[in-house]
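Counting in the numbering used here, the sequence shown runs from 2 upward without gaps. All C-beta atoms, glycine included, are put in the ideal place defined by N, C-alpha and C. Accompanying notes for the structure given below.
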Amino acid sequence: MRGDRVIARRLAIVAVCVVSLLGACLLAWWQWNRYESSSGSWQNLGYVLQWPLFGLFPAFMFWRIRRLKARERAGAGPAAPATPPKPVMARPKPVVPADDEPDDELTAYNRYLAELNTKEQSG
């Protein structure tokens with residue numbers, strides 16, 4: 002019973018890959034016709050080249066997943082990430098002013114902000 006499910010699953014994956022490729026080739030053909038028309042542009046030609054790549058992507062993913070599973074079964078463990086993770090940086094400590102002398106400008110500014118806050122709250 003398990004073997005039948007595996008075969009059915011693989012056939013479904015192959016069918017999806019084939020349908021994807023056929024659909025993408027049809028879209029590439031449509032873009033080629035648009036490129037050759039009087040209103041065609043270089044963008045249409047770019048799509049002609051891009052659609053087949055989209056159509057091959059499911060097959061590539063199927064191949065890649067099978068390769069990774071085979072590597073895990075061989076004992077190599079999961080594949081290493083393509084780029085190493087970034088180190089986590091510690092948050093910097095807040096800067097505390099070293100001098101204990103009062104700052105007249107800062108005091109005046111804080112008093113002004115307090116006045117604005119009370120005016121806003123009252124009306």
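Query: Buried/exposed call for Q44, threshold 16 Cβ in 10 Å; Result: exposed
Query: Backbone CA spacing between R35 and S21 [nearest angstrom]; Result: 21 Å
Query: Neighbourhood of W52 by C-beta, 8 Å cutoff - its chain only, sequence neighbours within 5 removed; Result: A25, C26, L28, A29 and Q32
Query: Same chain only: Cβ atoms within 6 Å of G41, ignoring 5 sequence neighbours per side; Result: R35
Query: Limits of the alpha helix (DSSP H) - the one that G24 falls within; Result: R3 to E37
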